[in-house]
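A.B. asks:
2 protein chains.
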Amino acid sequence: MKHVPHVVVGAPWEGPSLNLSVVQARHLSKVLRMSRGDKVTYTDGLGTVGKGVLGQHVIERGDEEQVGRATRLSVVTAPPANKDRQRFLVEKLAELGVERLMWLDTRHGKNRVASEFKIFSWVLAATEQSRGAWLMEVVPDLVTLDDLEPGWVVCERGGERSTPDTDTVVIGPEGGFADNELPEDALRWDLGPTLLRVETAAIAAVAKLAAR
Amino acid sequence: MKHVPHVVVGAPWEGPSLNLSVVQARHLSKVLRMSRGDKVTYTDGLGTVGKGVLGQHVIERGDEEQVGRATRLSVVTAPPANKDRQRFLVEKLAELGVERLMWLDTRHGKNRVASEFKIFSWVLAATEQSRGAWLMEVVPDLVTLDDLEPGWVVCERGGERSTPDTDTVVIGPEGGFADNELPEDALRWDLGPTLLRVETAAIAAVAKLAAR
Chain A
0 MKHVPHVVVG
10 APWEGPSLNL
20 SVVQARHLSK
30 VLRMSRGDKV
40 TYTDGLGTVG
50 KGVLGQHVIE
60 RGDEEQVGRA
70 TRLSVVTAPP
80 ANKDRQRFLV
90 EKLAELGVER
100 LMWLDTRHGK
110 NRVASEFKIF
120 SWVLAATEQS
130 RGAWLMEVVP
140 DLVTLDDLEP
150 GWVVCERGGE
160 RSTPDTDTVV
170 IGPEGGFADN
180 ELPEDALRWD
190 LGPTLLRVET
200 AAIAAVAKLA
210 AR
Chain B
0 MKHVPHVVVG
10 APWEGPSLNL
20 SVVQARHLSK
30 VLRMSRGDKV
40 TYTDGLGTVG
50 KGVLGQHVIE
60 RGDEEQVGRA
70 TRLSVVTAPP
80 ANKDRQRFLV
90 EKLAELGVER
100 LMWLDTRHGK
110 NRVASEFKIF
120 SWVLAATEQS
130 RGAWLMEVVP
140 DLVTLDDLEP
150 GWVVCERGGE
160 RSTPDTDTVV
170 IGPEGGFADN
180 ELPEDALRWD
190 LGPTLLRVET
200 AAIAAVAKLA
210 AR
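First to last, the protein sequences are chains A and B.
At position 48 of the first sequence (counting the first as 1) the number is 47 in numbering that gives the first Met the number 0, and the numbers step up by one without a gap.
At position 25 of the second sequence (counting the first as 1) the number is 24 in numbering that gives the first Met the number 0, and the numbers step up by one without a gap.
1) Starting from Ile-202 (chain A), find everything on chain B with Cβ-Cβ shorter than 9 Å and list it in chain order.
2) Taking all protein chains shown into account, decide if Val-8 (chain B) is buried (16 or more other Cβ within 10 angstroms of its Cβ) or exposed.
3) Does any residue of chain B bring its CB to less than 9 Å from the CB of Glu-183 (chain A)?
4) At a CB-CB cut-off below 9 Å, which residues of chain A make contact with Gly-191 (chain B)?
5) So with Cβ pairs under 9 Å, would you call Asp-83 (chain B) a contact of chain A?
6) Gln-55 (chain A) and Glu-94 (chain A): beta carbons closer than 9 Å?
7) Just to confirm before moving on: does the CB-CB distance between Val-142 (chain A) and Ile-170 (chain A) stay below 9 Å?
8) Based on DSSP bridge pairs, tell me the residues matched to Val-169 (chain A).
9) Can you tell me which residues form a DSSP beta bridge with Arg-202 (chain A)?
10) Under 9 Å Cβ-Cβ, which residues of chain B neighbour Gly-49 (chain A)?
11) Can you name the residues that DSSP bridges to Met-33 (chain A)?
12) Hey, Val-6 (chain A) and Val-74 (chain A): beta-carbon distance below 9 Å or not?
13) My understanding is that Ala-206 (chain B) touches Ala-206 (chain A), with C-beta atoms under 8 Å, so please give their C-beta distance in whole angstroms.
14) For a contact meaning CB atoms closer than 9 Å, what does Thr-165 (chain A) contact in chain B?
15) Could you work out which residues of chain B lie near Leu-194 (chain A), taking near to mean beta carbons separated by less than 7 Å?
16) Between Asp-43 (chain A) and Ala-10 (chain A), how many whole angstroms is the CB-CB distance? I'm expecting something under 8 Å.
17) What residue from A:Gly-131, A:Asp-189, A:Thr-165 has the CA that sits closest to Thr-193 (chain B)'s CA?
18) Nearest to Val-57 (chain B) by alpha carbon, out of B:Ala-124, B:Val-3, B:Ser-20, B:Trp-188?
19) Listing by chain order, which chain B residues have their CB less than 7 Å from the CB of Thr-143 (chain A)?
20) Looking at chain B, is there any beta carbon in it that lies within less than 9 Å of the beta carbon of Gly-174 (chain A)?
21) Taking the Cβ atom as the reference point for each residue, do Trp-133 (chain A) and Val-66 (chain A) lie within a distance shorter than 9 Å?
22) Taking 8 Å as the limit between beta carbons, can you name the residues of its chain near Thr-199 (chain B), skipping five residues before and five after?
23) In the DSSP output, which residue or residues are listed as bridge partners for Met-101 (chain A)?
24) Between which two residues does the alpha helix (DSSP H) containing Glu-90 (chain A) stretch?
25) So who's on the other strand from Gly-18 (chain A), going by DSSP bridges?
26) Restricting to Cα atoms, I'd like to know which of A:Val-137, A:Asn-179, A:Val-152, A:His-26 is closest to Trp-102 (chain A).
27) Just how far apart, CA to CA, sit Lys-91 (chain A) and Val-30 (chain B)?
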């Protein structure tokens with residue numbers, strides 16, 4: 000079975016063909032060694048996916064359909080300390096179909112994140128690789144707990160053991176929250192007996208919430 | 000709060016102090032800038048953890064206790080295609096407290112894994128970082144499905160959606176299993192609507208199984 004590549008082409012889509020970027024066209028022809036007429040799938044990252052064929056720097060559109068989101072989850076996390084781990088986190092959450100990622104500003108956290116462009120390129124690559132129909136939104140500016148809508152749950156040891164009913168999960172920095180940084184009435188969720196890095200906690204939380 | 004480092008020191012432990020390796024002693028003194036008398040925790044990777052203090056190239060032992068395993072899970076997975084992803088997978092599974100990792104030999108998989116020494120060093124680092132009491136076992140030789148004890152469940156699209164009652168989860172290669180490679184009566188578990196990379200599937204499966 001020949002591998003059929005999946006590419007993200009931004010909306011709006013008009014006419015019978017979609018323009019590929021120079022980078023996409025080169026990747027398909029030089030790296031994947033595809034020729035005109037080879038099959039390709041495509042998405043606008045907003046739920047539409049189609050099956051088409053490669054043309055000259057374009058995709059010739061074919062059957063298209065609308066696909067629902069895998070989850071409606073938002074993840075609000077202190078940034079992992081280094082860029083490799085940030086990349087891994089972004090990729091994995093995009094693969095798992097998370098709707099929105101926000102970076103949390105905390106007193107003990109590192110609070111440095113990769114550039115918006117870099118992060119977007121990670122999301123794009125993960126979406127293409129996992130054949131997704133939705134691009135994960137990553138909010139570029141750091142947020143604080145005060146910015147969040149009520150109903151979020153924070154992963155903290157000593158909290159509830161059962162999977163909570165929430166669509167927004169908060170992961171603190173590896174050093175933990177500062178004294179009084181977490182509101183006393185915050186809903187706390189204990190992910191298990193082992194100490195997890197930020198990115199592991201985020202992935203584990205999403206997997207558990209998506210399993211509800 | 001000063002960070003208290005956690006180190007793995009192999010059993011058997013005899014006498015009131017435990018020898019540190021040259022690398023460990025140097026890391027504690029040069030990188031973490033610790034001095035004699037500073038607090039340190041330690042484990043044999045077999046469930047015993049202790050609270051001691053740093054001596055001259057040794058740990059002076061203090062209170063010790065026995066800790067149970069977080070899970071009794073085995074993960075049998077096709078190796079991720081590149082070493083970065085293999086490292087992440089090994090680290091994350093070690094953090095999550097997986098008991099044993101085995102690499103699966105498949106017809107469409109890459110079947111190349113990092114050296115046994117390299118993998119052990121990743122497990123060690125993840126165990127120290129996550130303050131674990133148990134070292135994850137990584138079986139060095141590739142295994143086949145025939146080598147497994149009955150009762151394993153394989154992650155496959157189109158399988159059961161509910162979390163299975165198993166202690167051994169199998170993850171196939173990204174290209175999928177070959178025709179007839181999976182026994183017809185294999186128990187299949189569908190992890191969700193999105194296509195996951197090997198390492199993401201393994202972490203998500205473990206998080207879900209551990210949440211039972």
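Where is the CB? At the ideal position from N, CA and C, for every residue including glycine.
These numbers were taken from a predicted model, which means no experiment stands behind them.
C.D. replies: Straight from the coordinates:
1) Lys-91, Thr-199, Ile-202, Ala-203, Ala-206
2) buried
3) no
4) Ala-69, Thr-70, Leu-95, Gly-96, Ala-206, Ala-209, Ala-210
5) yes
6) no
7) no
8) A:Val-75, A:Val-153
9) At residue 202 (chain A) the sequence reads Ile, which differs from the Arg that was named. In DSSP, Ile-202 (chain A) forms no bridge with anything.
10) The premise fails here: Gly-49 (chain A) is roughly 17 Å from chain B at the closest Cβ pair, so nothing lies under 9 Å.
11) DSSP, once it has assigned bridges, lists no residue as partnering Met-33 (chain A).
12) no
13) 4 Å
14) Ordered by position in chain B, no residue passes the 9 Å Cβ test against Thr-165 (chain A), which lies about 15 Å from the chain.
15) Ser-129, Arg-130
16) 4 Å
17) A:Gly-131
18) B:Ser-20
19) Going along chain B, no residue has its Cβ under 7 Å from Thr-143 (chain A), so there is no contact; the nearest lies around 22 Å.
20) yes
21) yes
22) none
23) A:Val-75
24) 82-94
25) A quick correction: the sequence has Asn, not Gly, at residue 18 (chain A). The partner list for Asn-18 (chain A) (beta bridge, DSSP) reads A:Val-57.
26) A:Val-137
27) 31 Å
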